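The structure appears right after this line, and notes come after that.
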C-alpha cells in the first residue's frame, strides 16, 4: 500500500459565491513529484494554498501523515512554499537569505554555517555567499529561493509556477535541476503549472484539473497516451479529436472509414470521441490513404513539418519529416495502436479540429494565462 503524506478529502472552496473547488479528493504519496496542471482559474493554486495553510476549505479535511490539520496555521505545517515571485530579502546577502529560517529557529552559528554550505552545494551557488540578491540573475535568485525553502527540512515543498518568470532555455535547465534536487532531498514536491511540457518532463504523477475538478490523475506517459476525455487530450499536447462510432470491440468508424483499434468494452454502435496524435499519422500516396485530404498549410518546426490537412471539412494536424505543400492531395495511414477511444463527455465537440489553429493564437492564450495566474485563482 502506498504511503500517503497528504490526503485531501471532499475539499470544497467558494469565493464570492463562485465555487472554485468542487468536492476535490486527492492522495499524494511521500517522496513523489506531483504536478497540478490546468488552465488559469482551474483551482490548482487554490489547492496548493489549502495544503500550505494559507486558506481554509469551506468543507472537507486536509490530512497530513494521518492527522487532520484543518486550522493548523501555515508556519506550524511541515511544508514550505516557493512562489513565482521569489520574495527574497533585498537587504540580506545570499548567505543570510538562505539562513533566514534557521535564524528564526534560533539555531547555532555552527549549525547554520554547515546547513547553508550544504544548500549552496545543492543549488550550485558555492562562492555566492556574500553577493547581494539584487545582483543575481533570475535563475540564480530562483536557486536562492529553493535553498531558503529547503534549509528548514520541510516534508513537502510547494512550488507555485516557480519558473514562470524565466526565459525558455533557463526554464528547461531549471526543470532538470528541480527534479534532481527533489530526488537528492527525497521529499515530496507539489508543483503548479499550466505548462504541459513542464509537467510531462518533471513529474512522477500529474493531476489534470479544470473548473475546480480533477479530470485525470496518472503518470505522464499514461495521461498522454490514454487521456480520459477531450479536455485532457487537447490540454496535454496536440490532438486530432473526431466523432466516431464503436462498431464492436476493436473496430471503430470515423471520418468515413472503418479502422481496427485496440479498445474494447464500449456498447455496440456507441458514439465515442476518437483521439489520434499528430505524430502517429503516416503520410502515404493519395490512393493508398485510409483517409484522404488536401493540405491547407505547412509549417517547418525544425525536427518535423506541421501539416494541416482538410479531410471532409475537418482540419487534421499531422507531424511528418516528409515535406508536403499547400494544395497537395495526400493519403493518411493510421495504425491500430495510434487510435485511442474515449467516452463522450461534456467536452465532446469542443476540441481537436485545427480549422482555427494558429501559433499566434496559442501564444496569446499563454500570455493571457500568465497574467491571469498572477491574479490568483
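In the numbering used here, the protein residues as written are 2 to 378. For every residue, glycine included, the Cβ atom is placed at its ideal position computed from N, Cα and C. This structure is a prediction, so every number in the text was calculated from the model and none was measured.
- A direct Cα-Cα distance of roughly 10 Å separates residue 332 from residue 310.
- Of the candidates 47, 337, 24, the residue whose Cα lies closest to the Cα of residue 250 is 337.
- The C-alpha of residue 147 is placed about 11 Å away from the C-alpha of residue 178.
- The C-alpha of residue 301 lies about 22 Å from the C-alpha of residue 293.
- Closest in C-alpha terms to residue 342, from the list 195, 330, 113, 267, comes 267.
- Taking all protein chains shown into account, residue 327 has fewer than 16 neighbouring C-beta atoms within 10 Å of its C-beta and is therefore exposed.
- Rounded to the nearest angstrom, the gap between the Cα atoms of residue 120 and residue 29 is 26 Å.
- For residue 216, the enclosing beta strand (DSSP E) begins and ends at 214 to 219.
- Beta-bridge partners assigned by DSSP to residue 341: 276.
- A residue is called buried when at least 16 other Cβ atoms come within 10 angstroms of its Cβ; residue 197 meets this threshold and is buried.
- For residue 74, the number of other beta carbons within 10 angstroms of its own is below 16, and it is reported as exposed.
- For residue 188, the closest of 34, 23, 83, 355 by C-alpha to C-alpha distance is 34.
- For residue 37, the closest alpha carbon among the candidates 184, 195, 345, 123 is that of 195.
- In this structure, the CA atom of residue 224 is about 29 Å from the CA atom of residue 313.
- The three-state secondary structure of residue 77, taken from DSSP, is helix.
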